[in-house]
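Take the sequence shown: its letter number 250 is residue 250 in UniProt numbering, and every next letter is one higher. Note that the Cβ used here is the ideal one computed from N, Cα and C, for glycine as well. Here's the structure, in structure tokens; my notes come after.
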Amino acid sequence: MAGDSLSKRIPKRSKELLNKSIESCLLAVEVYNKPQTKFRSGGYIVLMTIAYTSLFHAIFEKYRIKYYHREKGSNKYIVIDGEHKAWELSDCLKEYFKNCGKEELPIRKNVEFFIPLRNKIEHRFMPELDDEIFGECQALLHNFEYILIKEFGEKYAIRENLVFSLQFAKTYPSSKGKESLVKQNKGFEKIKSYITDFRNSLDEETYSDQKYRFNVFLLPKLVSNKNKAEYAIEWVEYDPNDPEGMKNYERIVGIISEKVKPVSNSGCLRAKEVCDLVKKELRKVYGEDFKFSYSTHHPICCTHYKIRPKKEDQNPEKTNPSFCVYDDVHKDYVYTKEWVDFLVKKLSDREELIKILPTLKSQIQRLDNEKTSDSTPQLENNEIETETYL
């Protein structure tokens, strides 16, 4: 939104909102980095939502954009307690990014990710989310400063006020010790499902962009001269436009990948294994005679949910990595346990199942009739499954 119309002098109201925005951002970081914080992600998200909302309001004040709700069918503004009802964060995103290009789409998606999440967890005890959404949380902070500097200049940069938090461990804490808390919190699975669904809705380019989800390798830095002053931590700029820099980057990533992934496609499943697991769970919903074929039904599901390319596609590796991976050695696809869980959830909905796989409609109706009449006729098997891995 910044451009030639950017005024040199910031209006008073805009500056007040800007200061509120920066304060909220710094409080969010303080909450997140504070040791033994139990509501780490929740507190961070709520405060960053306030920070972003205030930042956008400050921008709109600067450009004299009216950011207030109007009464339905009228130009009259809604007034609550003597104040105009201002836009929520979702409304602000629509206005600010209405003409955004491909470069800023990951930023918009990153902020959008937290809106329903904030509404779900605002009053919940959810420490299990910390390691689930760390990458998105870090990107949310970087994007905040990017917009801040873009609209108001380097003078308001906050990076100088932040330091790299000290760590007791070399690895990010896992959630293995939190299983009992997960079981106690009935809402956790719904939130986890939302996170998975949102990520799966993104195209691969957006999901892998650092502006949507920040991912890094931390490498020990070797000091060549103990008497020479050096930074303990230095950021190496990721720049796809720098060929030499990208060669070094890819070489380092390749070395790390080789060490942390000694087994290819570990834990993945073949199509028949996926269908056996899905069929087992769906029989609890539709009855013991329910059929789900890996040679017919499974490929249709893969196409419908766009987890892998079609056979004729020249780029078979373009998959949704959360669900599917292309095995170049064997020239076939393998699938994750998350794909099994996703299919079970989606196809447990009768309307969804029939919409995607209309050929199963008669099968479902027959099973329903069997339950009603307490009879046990054999279900016709019209399909011959072949031993091919699709």
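- Around the beta carbon of G153, fewer than 16 other beta carbons sit within 10 angstroms, so the residue counts as exposed.
- Considering only R70, S74, L89, the residue with the shortest C-alpha distance to I80 is R70.
- For D197, the three-state secondary structure derived from DSSP is helix.
- Secondary structure of Y305 (DSSP, three-state): coil.
- Your pair T53 and L27 does not check out as a contact, with CB atoms roughly 14 Å apart and the cut at 8 Å.
- For E61, the number of other beta carbons within 10 angstroms of its own is at least 16, and it is reported as buried.
- Burial of D130 is indicated by the presence of at least 16 other C-beta atoms within 10 angstroms of its C-beta.
- Distance between F214 and H298, taken at the CA atoms: about 33 Å.
- Annotated three-state conformation of I364 is helix, per DSSP.
- Here F56 is near L93, since their CB atoms are less than 9 Å apart.
- Only exposed fits D349, as fewer than 16 other CB atoms lie within 10 angstroms of its CB.
- In this chain, V216 is not harboured by any alpha helix (DSSP H), its DSSP state being neither H nor E.
- Distance from V274 to V340 at the Cβ level is roughly 6 Å; contact confirmed, criterion being Cβ atoms closer than 8 Å.
- Considering only N110, I300, D276, the residue with the shortest C-alpha distance to F290 is D276.
- Per DSSP, Y96 lies in no beta strand (DSSP E) segment; the continuous alpha helix (DSSP H) that holds it begins and ends at 89-96.
- For D341, the uninterrupted alpha helix (DSSP H) run begins and ends at 337-347, by DSSP.
- A distance below 8 Å between beta-carbons, with the five flanking residues on each side excluded, links S24 to the following residues of its chain, in chain order: L47, M48, I50, A51, S54.
- The beta carbons of T196 and E352 sit about 16 Å from each other, so the pair does not count as a contact at 8 Å.
- For A86, the three-state secondary structure derived from DSSP is strand.
- In chain order, E132 place their CB closer than 8 Å to the CB of K192, counting only its own chain and leaving out the 5 sequence neighbours on each side.
- Taking Y286 as reference, the option from I158, V344, E244 with the minimal CA-CA separation is V344.
- Looking at F198, I300, A271, the one whose alpha-carbon comes closest to that of E112 is F198.
- In this structure, the alpha-carbon of E370 lies about 35 Å from that of I307.
- Counting along the chain, D327 sits inside the beta strand (DSSP E) bounded by residues 324-327.
- As computed with DSSP, R118 is found in no beta bridge at all.
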